């Protein structure tokens with residue numbers, strides 16, 4: 001991709017899965033307070049029993065905006081991942097106005113690299129952006145999930 005023209009980045013469809021918490025954080029929250037402020041409302045964080053639930057989603061975006069958001073029911077394996085791509089990938093690319101030779105980005109998760117998935121991508125003639133291992137910080141969709 002580095003050897004391609006700068007404009008090629010306009011044709012990338014970035015994707016990833018994420019866990020979205022319905023109520024608050026699933027991590028610890030730090031609150032700085034004095035001893036006298038222990039139960040002061042501005043020093044407490046309301047919680048929901050059992051963390052309030054979460055949903056897993058697959059999503060994508062390009063420079064033109066966001067594509068489909070697919071809610072994942074259960075544990076995703078290579079079969080479910082390919083089904084998600086079959087239902088959402090081309091539809092999202094079309095919705096976002098990407099050319100027929102757009103470049104698809106997904107990370108090196110084993111289910112993404114499965115022969116079952118890669119054969120489908122090749123059959124559909126979808127170019128896949130080569131992606132370095134263990135590099136979620138390079139994927140701009142991570143910033144989208146944070147919003």
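Residue numbers (my numbering): 1 to 147. Every residue gets a Cβ at the ideal spot worked out from N, C-alpha and C, and that includes glycine. Fair warning: this is a prediction, and the values are worked out from it, not measured in the lab.
Candidates the options: closest to residue i by CA position
i	options	result
residue 57	75, 115, 98, 101	75
residue 79	118, 97, 90	118
residue 13	90, 71, 77, 30	90
residue 20	123, 55, 37	55
residue 10	100, 83, 69	100
residue 81	94, 37, 120	120
residue 132	8, 109, 98, 31	109
Beta-carbon proximity of residue i to residue j, cut-off 9 angstroms
i	j	result
residue 59	residue 18	yes
residue 112	residue 88	no
Rounded Cβ spacing between residue i and residue j (contact assumed at less than 8 angstroms)
i	j	result
residue 85	residue 103	Actually they are not in contact, since the Cβ atoms of residue 85 and residue 103 sit about 14 angstroms apart, beyond 8 angstroms.
Original post:
Whole beta strand (DSSP E) runs in the stretch 65 to 138 with 3 or more residues, listed along the chain?
Top reply: 65 to 72, 103 to 105
Original post:
Counting Cβ pairs closer than 8 angstroms, one from the stretch 64 to 75 and one from the stretch 29 to 45, do we hit at least three?
Top reply: no
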